[in-house]
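Numbering-wise (the numbering used here), the sequence shown opens with residue 478 and increments by one. By construction, the Cβ of each residue, glycine as well, lies at the ideal position given by its N, Cα and C atoms. This structure is a prediction, so every number in the text was calculated from the model and none was measured. Here the structure is laid out as structure tokens; the discussion comes afterwards.
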Amino acid sequence: MSRNKKSRTAGNSEPRFDGSRKETSTQAQMARDKKRKDKLKGNKAGNRNAIETKQGAQQSQRQAKNDKRIGSKKPVALVVNEKPQQAAKPKVLMQPKAKVIKTTAIEPKTAVAEAPTVQKLSPEKEIAAIENDQRLNDLLEQMETDVPLTKEEQKWADKQMQRHQELMKELGWLDDEGEEDLLQQFEDASSALDEFR
478 MSRNKKSRTA GNSEPRFDGS RKETSTQAQM ARDKKRKDKL KGNKAGNRNA IETKQGAQQS
538 QRQAKNDKRI GSKKPVALVV NEKPQQAAKP KVLMQPKAKV IKTTAIEPKT AVAEAPTVQK
598 LSPEKEIAAI ENDQRLNDLL EQMETDVPLT KEEQKWADKQ MQRHQELMKE LGWLDDEGEE
658 DLLQQFEDAS SALDEFR
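So this is what it looks like as structure tokens:
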């Protein structure tokens, strides 16, 4: 016996679907239009290649100004300056070497200029003041570590060192021949040591 295949068609008993809808109400039509409109989201094709409007251009400029990735326009020095920056200058309280005495106003009758009396420190006290000067010690330490000094700092340090040398000579604490004598004694000691061998 031959087999008959089943088919889904109901035969002639039910009418076929021809693709047209039977609804004609305006409410159904509006619902379909709304659904179609909601489906079409996003930009139209070729939108990224479209020319920007003035508002879009201004908006992009504002965004570019606020963009943190762009960085600073400030120029940066690519070579080291001859002058070191003075930002790292330590604050040092300067104390006068001598006491300043305030005088009262001179009466107009005595037009002779009187020199204000200034007390001088003894050489020992002046040397102690120079040796304990924190600013001078800091500058000497910077010179030893090859940190460049400004011309003003160098001039001040040289002046202080020169005054220190003058005071040492004045007091007789500095012996110019001391280093040479020490070297001579060392050589004599080595020659005397050679004699005992």
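Within 8 Å, strictly: CB atoms of D610 and Q637: yes
Coarse secondary structure for S502, derived from DSSP in three states: coil
Between the CA atoms of A634 and N614 - distance to the nearest angstrom: 9 Å
Quick one: residues in its chain with C-beta nearer than 7 Å to the C-beta of E608, no 5 flanking neighbours on either side, listed in chain order? none
Helix, strand or coil: which one does DSSP assign to A669? helix
Which residues bound the alpha helix (DSSP H) around I604? 600-608
Does DSSP put N543 in a helix, a strand or coil? helix
Which residues in the same chain have their Cβ closer than 7 Å to the Cβ of R509, if we skip the five residues on either side of it in sequence? none
Residue span of the alpha helix (DSSP H) that contains A634, given as start and end: 628-648
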